[in-house]
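Input: a single structure, listed below in structure tokens.
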Amino acid sequence: MRAAELLTAAIFVPILAALAIVLAPRRWLSIAATESGPDNDGGGDDPGDSGVLLVAEGPAVAVSAPAPPARWARVSEQQLQAAATAVSAIPLVLLAVTWLRFEATGGFELVEAARWIPTLDVAYRVGVDGLSLPLAAMTALVFVVAIAYPVDLRGRPVPYFALMLFLEGVSLGLFLALDLFLFFVFWDLSLVGMYFLIGAWGHGDAQRSALKFFLYTLAGSLALLLAILGLYLASDPRTFDMAELIRQKPLGADGLYATLVFLGFFVGFAVKTPLVPFHTWLPPAHVDAPAPASAILAGVLLKMGTYGFVRILMAMMPDTFARFAVPLGVLAVVSIIYGALVALAQSNLKRLIAYTSVNHMGYVILGLAGFVAEFQVFAGTLAIYPVLAGVGLLGIIITAALFLRMLQRLFLGPLPQRWRRFPDLGRAEVMTLGTMIFFVVLVGVYPLWLLDVIDSFAGPFVGRP
Amino acid sequence: MLALLTVVVAAAASLAMLAGSEHLTFSDTYARDGVALWAKLIVLAATAGVIGLSVSWFRRDPRHGEYYTILLFSALGAILLAGATDLKEFVVAMLLSSVTGFVLAAYHRRSALASEAAIKYFLLGAFTSASMLIGVAYLFGLAGSTTLPGLSQGLPQGGLALVVGSALVVSALAFKMGAVPAHAWMPDVAQGSPAPAAAFVTSAPKVGGLVFLARFVISFPSGSLDWALAVAVVAAATMTLGNLAALWQDDVRRLLGWSAVSQTGYGLMAVVALGRSDLAVPALLFFLLAYVLGNVAAFGVVVELRGLTQLPAYSGLARAHAWLANALAVSFLSFIGIPPLAGFFAKLILFAAAIEAGYTWLAVVAVVNTVISIAYYARVLAPAYFGELSAPVPVLARWAQAATLASAFALIALGLAAEPLLDAFAAARLLPA
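Each protein sequence line maps, in turn, to chains A and B.
The first sequence begins at 42 in my numbering and counts up one residue at a time.
The second sequence begins at 77 in my numbering and counts up one residue at a time.
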């Protein structure tokens with residue numbers, strides 16, 4: 042494979058794989074039932090119809106097929122999961138290769154471009170720099186782990202793995218896109234993918250949470266769309282090319298127009314990040330999402346908001362950003378304190394969630410902590426304001442207290458009666474969680490390999506040559 | 077089918093005309109321009125899709141021969157409307173389209189719902205036809221000519237008579253498009269009339285109506301009327317009312333009817349931007365194409381489910397009929413404007429055109445409305461994908477399925493490969509500009 046196609050492959054291999062397993066005729070891909078559930082809901086069709094256009098969409102169809110397919114064609118849920126994990130690891134490998142080739146020059150590297158809609162100067166443009174490469178690599182890693190993680194699939198494994206793979210490709214595309222239009226396409230697709238994941242495999246009042254998630258984030262994304270259009274219409278010559286827009290910086294610091302465009306971007310990213318007061322969709326989505334989706338939500342989707350802040354607002358509208366830096370910083374700090382305090386009060390929530398499953402709880406707490414950490418990163422970009430940074434530190438301390446309390450309860454607290462027979466972590470769980478813990482420790486102990494890459498991007502922003 | 081063959085021949089003839097010059101013809105009464113040709117192709121595409129839906133639906137109906145004749149005449153009315161550049165021609169086209177539309181809506185004459193819908197449709201239509209004739213008489217009296225080029229030269233710079241006359245004509249167009257204040261028939265027709273006919277009546281006349289409205293407003297002498305503001309207010313009112321009303325519907329077809337009203341509101345944004353943004357004409361055409369395809373796909377699913385319309389009946393559809401559920405999802409997501417579907421491109425250019433024309437507030441209203449619309453589309457989609465199947469869902473045969481899936485597929489394809497059409501639409505001229 043040529044070097045220039047690495048990133049494209051990383052984006053589209055998972056998406057194509059997702060399409061392939063959804064569209065594969067059930068003669069080739071039928072899922073052996075792992076448990077004997079009520080499978081007759083697909084059996085109501087008369088065979089004449091199902092022969093025409095139905096595909097393997099869950100075991101409902103596959104299992105109720107009158108003639109069992111050939112033995113080699115039957116795939117168990119575990120085999121499908123292994124295959125999906127293998128596919129999801131391909132982008133990780135590709136991104137590792139990209140990392141080796143990455144030269145940290147400070148600009149966009151390994152750019153791949155193709156014509157798409159020249160009338161509007163929309164093109165397919167992808168590439169990496171010091172900001173997007175680590176984020177993309179992290180995305181790929183989180184997805185591999187999330188897909189490998191065992192979860193109750195409610196008898197519909199094919200759409201589940203297809204959606205996960207689809208979401209992986211879309212998320213990678215978002216971080217690698219160098220075209221605002223492409224960026225927005227991936228942005229919206231990630232919402233749709235997550236909506237179906239939460240709605241179909243969520244717990245509790247999943248449909249309501251999914252709808253809330255969809256409404257809030259789509260409202261944000263439409264504000265983002267208007268802002269993108271505003272920026273596009275202001276550029277000369279008109280273009281959606283990010284590199285060109287970063288060079289042009291089409292809007293000045295002042296003026297109603299620039300303020301409106303800034304507000305559009307701000308609302309779009311703040312909903313996704315999420316900053317107080319746009320955060321109310323997150324807790325229900327986190328609680329009700331299936332555990333791996335929750336991990337993706339916290340680990341990948343929320344990062345998109347902060348990525349947008351840095352990639353678009355700071356890079357393309359630096360003057361306007363500087364004008365609003367103080368109120369933004371205050372908002373970020375409010376979010377830190379608010380997030381930490383609310384997280385502290387979550388013992389009720391934990392108890393509630395403990396009823397569903399233990400691992401789920403871990404993810405929710407991680408999610409809420411991520412919800413806090415998000416703004417520390419954000420405050421870090423505003424470190425020129427020492428007072429705010431000080432308040433941010435307070436947030437870290439409160440978070441630390443929260444974790445200490447949680448650890449104490451986990452290890453030293455009384456074991457509730459109903460958990461006595463709960464099995465310890467299975468092999469797959471140890472493997473996936475272990476990888477994550479390994480990286481957490483690695484980044485903590487030896488962060489240089491990561492910082493070097495990020496530095497190449499961050500340099501210009503702190504005024505270092 | 078003979079009807080389908082007619083559509084194909086007409087489409088082939090228009091494709092050949094695309095290469096020709098753009099001018100007014102038949103003594104300035106008919107525009108032979110890019111917009112008219114593309115509008116004709118869009119109407120023909122809608123007609124072809126509806127014929128596909130009708131084949132299965134009317135198979136047992138002994139009168140299905142008449143049905144196709146009327147359908148083709150109605151399509152002709154919409155096509156004439158899109159190309160008319162003369163008020164008399166406009167009247168003929170409107171009446172042809174309306175009269176056939178009433179019959180299509182009432183085709184199941186024994187059904188009480190269909191009769192009610194048709195009566196409502198007819199009464200509103202008769203009322204607005206009268207207003208249209210009076211309006212045309214006013215304008216003729218003012219300008220001394222009925223052709224649009226004649227109007228643009230002969231009309232006075234202002235005055236009450238001009239306002240009244242044009243408002244009367246526009247109200248008739250509002251009826252045709254299903255815009256406020258003459259929108260009330262849309263949900264009833266969508267619910268009561270035969271589902272394939274509903275798919276046609278809620279979409280094809282809209283193409284003609286929107287294009288003629290565009291021609292009509294650009295014919296005013298510059299500075300005579302602030303038509304852009306008036307159309308913008310109508311657009312905002314239409315999309316808001318349509319969306320708010322759709323929120324409470326428990327009947328999928330009625331919901332589609334209200335959503336068709338709100339979609340008209342989005343389409344009017346393109347008319348608002350005419351003359352101030354180069355994107356207005358491409359936005360108008362692309363929106364119409366995306367809307368028509370989405371409408372055929374959405375009603376196609378209803379047809380395929382034998383007109384099944386109660387919301388609970390859609391529960392678990394994805395488990396029983398994955399392709400149908402996917403077609404419904406594609407069509408609804410396209411209505412919402414999720415990339416990379418055709419509806420997204422339509423909304424993108426509509427918003428860009430509105431912002432460029434200085435109507436940012438209208439774009440913001442449209443965005444707020446889009447968010448509202450998610451709620452009711454999700455009310456159908458969520459049970460279809462997340463719900464349990466309650467009973468077996470019988471479906472119609474292949475014709476309707478093929479038409480539905482073809483439309484849904486076209487929505488995806490047009491989204492991914494929008495460039496050729498955008499390019500062609502950008503080159504299309506809207507006469508008499």
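Ideal Cβ positions, reconstructed from N, Cα and C, are used throughout, including at glycine.
Check each candidate in 263/B, 211/B, 425/B and 350/B and name the one with the smallest Cα separation from residue 385/B. 263/B
When Cβ atoms are compared, which residues of the segment 446-463 of chain B fall closer than 7 Å to chain A? 446, 447, 450, 451, 454, 458, 461 and 462
From residue 306/B to residue 238/A, what distance separates their C-alpha atoms? 44 Å
If the cut is a Cβ gap below 8 Å, which residues of chain B does residue 229/A touch? 414, 415 and 420
is_contact[residue 505/B, chain A] using C-beta, thresh 8 Å: no
Taking the alpha-carbon positions, what's the residue 220/A to residue 167/B distance? 47 Å
Can you tell me which of the three DSSP states residue 414/B falls into? coil
Opening and closing residue of the beta strand (DSSP E) in which residue 158/A lies: 150-158
Length of the line joining the Cα atoms of residue 314/A and residue 345/A: 7 Å
What would DSSP say about residue 329/A, mapped onto helix, strand or coil? helix
Using a beta-carbon distance below 8 Å, is residue 157/A in contact with chain B? yes
Determine the contact status of residue 126/B and residue 361/B, defining contact as a CB-CB distance below 8 Å. no
CB contact below 8 Å: residue 499/B versus chain A: yes
Would you say residue 439/B reaches chain A, if we count a Cβ-Cβ gap shorter than 8 Å as a contact? yes
Please check the pair residue 163/B and residue 239/B, which I expect to be a contact at CB under 8 Å, by giving their CB distance rounded to whole angstroms. Actually they are not in contact, since the Cβ atoms of residue 163/B and residue 239/B sit about 17 Å apart, beyond 8 Å.
Got a sec: is the Cβ-Cβ distance from residue 255/A to anything in chain B below 8 Å? yes
Once DSSP output is grouped into helix, strand and coil, what is the label at residue 308/A? helix
Counting C-beta neighbours from all protein chains within 10 Å, is the total for residue 334/B 16 or more, i.e. buried, or is it exposed? buried
Name the chain B residues that come within less than 7 Å of residue 160/A, Cβ to Cβ? 495, 498, 499 and 502
Check for me: the alpha helix (DSSP H) holding residue 62/B runs from which residue to which? The first residue shown for chain B is 77 and the last is 509, placing residue 62/B beyond what the model contains.
Using a 10 Å radius around the Cβ and a threshold of 16 neighbouring Cβ atoms, would you call residue 119/A buried or exposed? exposed
What are the boundary residues of the alpha helix (DSSP H) that includes residue 308/B? 303-323
Would residue 432/B count as contacting chain A if we go by Cβ distances under 8 Å? yes
Is the Cβ-Cβ distance between residue 267/A and residue 169/A less than 8 Å? no
Looking at C-alpha atoms only, which residue of 244/A, 227/A and 225/A is the closest neighbour of residue 192/A? 244/A
In DSSP terms, what residue 223/B is bridged to: 162/B
Residue interval of the alpha helix (DSSP H) (run including residue 107/B): From DSSP, residue 107/B is part of no alpha helix (DSSP H) but of the beta strand (DSSP E) over 106-108.
Grab me the residues of residue 501/B's own chain with a C-beta within less than 7 Å of its C-beta, minus the 5 sequence neighbours each way, in chain order. 114, 357, 358, 361 and 362
What alpha helix (DSSP H) runs, 4 residues minimum, are completely inside the segment 144-203 of chain B? 163-181
Pop quiz: residue 230/B and residue 217/B are said to be a contact at Cβ under 8 Å. What is the actual Cβ separation, rounded to whole angstroms? The pair is not a contact, with the Cβ atoms about 10 Å apart (cut-off 8 Å).
Under DSSP, the beta strand (DSSP E) around residue 168/A begins and ends at which residues? 163-169
Which runs of the alpha helix (DSSP H), 4 residues or longer, sit entirely within the segment 203-281 of chain A? 221-242 and 247-275
C-alpha distance - residue 247/B paired with residue 432/B, whole-angstrom precision: 27 Å
Opening and closing residue of the alpha helix (DSSP H) in which residue 296/B lies: Per DSSP, residue 296/B belongs to no alpha helix (DSSP H) and is neither H nor E.
Counting Cβ pairs, one atom from each stretch, are 3 or more of them under 8 Å apart for the segment 259-276 of chain A and the segment 302-311 of chain A? yes
Within chain A, the residues that residue 428/B reaches when beta carbons sit closer than 8 Å: 270, 273 and 274
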